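Residue numbers (the numbering used here), protein chains in the order written: chain A, 9 to 204; chain B, 520 to 695.
This report refers to the structure that appears directly beneath it.
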Amino acid sequence: MAQSGHESLCQWVSENIESYLDGDLPPSERAMAESHLGQCATCAQELELAQRVTGSLRALPIMECPERVTDAVYGRIGASRKKRVSSRFSLDRLLSPRFWRPALAGAVTVLLVAMIAVVGNRKQVAPTISARDLARARVEVKWALACVNQITQRTSQMVKDELLDPRVIRPVVRAVEKTTQDRGIKRDSQEVRNAG
Amino acid sequence: MERFEAMVDQCRNRIYSLAYYSLGSREEAEDITQDVLVKLWEHWPSLDHERALPWTIRVAHNACLDVHRKRQVRRVGSVTQCAGGNCPDESRAADGNPETDLERLDLRRQIETALQQIEEPYRTIVILREIQDMSYEQIGAAMAMPLNTIKVYLHRGRRMLRDQIREKTDHGTVRA
Numbered sequence: 009m010a011q012s013g014h015e016s017l018c019q020w021v022s023e024n025i026e027s028y029l030d031g032d033l034p035p036s037e038r039a040m041a042e043s044h045l046g047q048c049a050t051c052a053q054e055l056e057l058a059q060r061v062t063g064s065l066r067a068l069p070i071m072e073c074p075e076r077v078t079d080a081v082y083g084r085i086g087a088s089r090k091k092r093v094s095s096r097f098s099l100d101r102l103l104s105p106r107f108w109r110p111a112l113a114g115a116v117t118v119l120l121v122a123m124i125a126v127v128g129n130r131k132q133v134a135p136t137i138s139a140r141d142l143a144r145a146r147v148e149v150k151w152a153l154a155c156v157n158q159i160t161q162r163t164s165q166m167v168k169d170e171l172l173d174p175r176v177i178r179p180v181v182r183a184v185e186k187t188t189q190d191r192g193i194k195r196d197s198q199e200v201r202n203a204g
Numbered sequence: 520m521e522r523f524e525a526m527v528d529q530c531r532n533r534i535y536s537l538a539y540y541s542l543g544s545r546e547e548a549e550d551i552t553q554d555v556l557v558k559l560w561e562h563w564p565s566l567d568h569e570r571a572l573p574w575t576i577r578v579a580h581n582a583c584l585d586v587h588r589k590r591q592v593r594r595v596g597s598v599t600q601c602a603g604g605n606c607p608d609e610s611r612a613a614d615g616n617p618e619t620d621l622e623r624l625d626l627r628r629q630i631e632t633a634l635q636q637i638e639e640p641y642r643t644i645v646i647l648r649e650i651q652d653m654s655y656e657q658i659g660a661a662m663a664m665p666l667n668t669i670k671v672y673l674h675r676g677r678r679m680l681r682d683q684i685r686e687k688t689d690h691g692t693v694r695a
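Structure representation (structure tokens):
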């Protein structure tokens, strides 16, 4: 019976050895564990092993991440940022509904406001629109014109940068340069032949 | 961008360490660290920056799980690498006595190998708590677990390690 009590205590210590090491046991249980550990060689050995394992674990260093890893990260981030920026100004975006819908809405607004203004001018003989409404309409027209102007400028710049420059102007310039160069070579060879 | 760079400096060694001790391979640890940091960048605008560290630890833990699943737990990497004299900071275990140093180094290698053999989430919790000295609160946030569970799992993980080491000791690989 006493042996059975000893074994069950061994099992209890074995199960709670980590809590004992971390100081998580309540005082009464801690005293019981200490008393048993002082008498039982097997459990004392187990405690020693647990201490060695925990000590070795805590002695393991936090590994240093090589610089090349963060370099690669910033490289990948830079590439994705560049891609994001260039896609913001791409021709596809220019032609996408998200871009041209606001532009169309702006143009329609301008037309409507202009029509209202014309109608308002006609009715000056028998005015039904107040001066305040007219002033507001003028402000709206100005705002809409400014919007259209901005969109036009941006669009023309984009068309130039994305379409004209790379697809028309540069190829034409290159072709002209090549043709000039070829003619020069031909002329030179003709002169050489003539001289011969 | 500056805050992001500061966060990268703060968490890159932790991610790398977790992946290295979990997988026992520098190459895989580098790949995982790189992927986690790129993901951090992608989620940076919508992420609560105060919780970025536990977030990266969780992503790294999931990435390690994926690798373990893929390789069906091939448990050799760490010992092979360290046997080649590639282990960092081995001097930390040295105390000037060659025999004791050898014993400690041997135990350390056994522990690194044993770490890869215990199950998840015990392994990650042991690494975060015992090697990286993270608080229970930080680990709980990273693993999305209550503190008591973390403690229970930590003790269970250490016990698993002890069982592994005892098994080796019984086979005469580690000198007591």
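C-beta atoms are modelled at their ideal positions from N, C-alpha and C, and glycine is treated no differently.
All figures in this text were calculated on a predicted structure; none of them were measured in a lab.
CB-CB length for residue i against residue j, believed under 8 Å
i                      : j                      : result
residue 673 of chain B : residue 644 of chain B : 5 Å
residue 575 of chain B : residue 557 of chain B : Not a contact, Cβ separation roughly 11 Å.
residue 628 of chain B : residue 568 of chain B : Residue 628 of chain B to residue 568 of chain B, Cβ: 38 Å. No contact.
residue 584 of chain B : residue 639 of chain B : 6 Å
residue 21 of chain A  : residue 45 of chain A  : 7 Å
residue 661 of chain B : residue 573 of chain B : 4 Å
residue 114 of chain A : residue 145 of chain A : Wrong, their Cβ atoms sit about 16 Å apart, outside the cutoff.
residue 149 of chain A : residue 122 of chain A : 7 Å
residue 118 of chain A : residue 147 of chain A : With 8 Å as the limit, residue 118 of chain A and residue 147 of chain A do not qualify as a contact, their Cβ atoms being about 13 Å apart.
residue 719 of chain B : residue 547 of chain B : Examination of residue 719 of chain B is not possible in this model, given that chain B is present from 520 through 695 alone.
Buried versus exposed call for residue i [16 or more other C-beta atoms within 10 Å across all chains shown]
i                      : result
residue 71 of chain A  : buried
residue 553 of chain B : buried
residue 77 of chain A  : buried
residue 533 of chain B : buried
residue 64 of chain A  : buried
residue 604 of chain B : Here the model assigns residue 604 of chain B a pLDDT of 39, short of 50, so the residue's position is not dependable and the matter cannot be decided.
residue 183 of chain A : exposed
residue 19 of chain A  : exposed
residue 13 of chain A  : exposed
residue 192 of chain A : exposed
residue 187 of chain A : exposed
residue 143 of chain A : exposed
residue 663 of chain B : exposed
residue 31 of chain A  : exposed
residue 653 of chain B : buried
residue 615 of chain B : With a pLDDT of only 49 at residue 615 of chain B, under the threshold of 50, the placement of this residue in the model should not be trusted, and no figure is reported.
Contacting residues, own chain, Cβ-Cβ under 7 Å from residue i (five flanking each side not counted)
i                      : result
residue 58 of chain A  : 25, 26 and 29
residue 642 of chain B : 541, 634 and 676
residue 154 of chain A : none
residue 17 of chain A  : 44
Residues near residue i in its chain [Cβ-Cβ closer than 8 Å; skip 5 each side]
i                      : result
residue 646 of chain B : 536, 537, 540, 541 and 634
residue 648 of chain B : 655, 658, 669 and 673
Endpoints, the alpha helix (DSSP H) within which residue i is located
i                      : result
residue 71 of chain A  : Counting along the chain, residue 71 of chain A falls outside any alpha helix (DSSP H), and DSSP gives it neither H nor E.
residue 38 of chain A  : 35-47
residue 651 of chain B : Neither: residue 651 of chain B is in no alpha helix (DSSP H) and is coded neither H nor E.
residue 32 of chain A  : Unbroken run through residue 32 of chain A: none, as it is neither H nor E.
residue 164 of chain A : 139-166
Sequence-distant residues of the same chain with beta carbon closer than 6 Å to residue i, five excluded per side
i                      : result
residue 84 of chain A  : none
residue 526 of chain B : 571
residue 596 of chain B : For residue 596 of chain B, the predicted structure reports a pLDDT of 46, less than 50, and the residue's modelled location is therefore unreliable. A value from the coordinates is still provided. Hits under 6 Å: 543 and 544.
residue 52 of chain A  : 45
Considering only residues of the region 523-589 of chain B, which uninterrupted alpha helix (DSSP H) runs meet the minimum length of 4 residues and lie entirely inside it, listed in chain order?
-> 545-562
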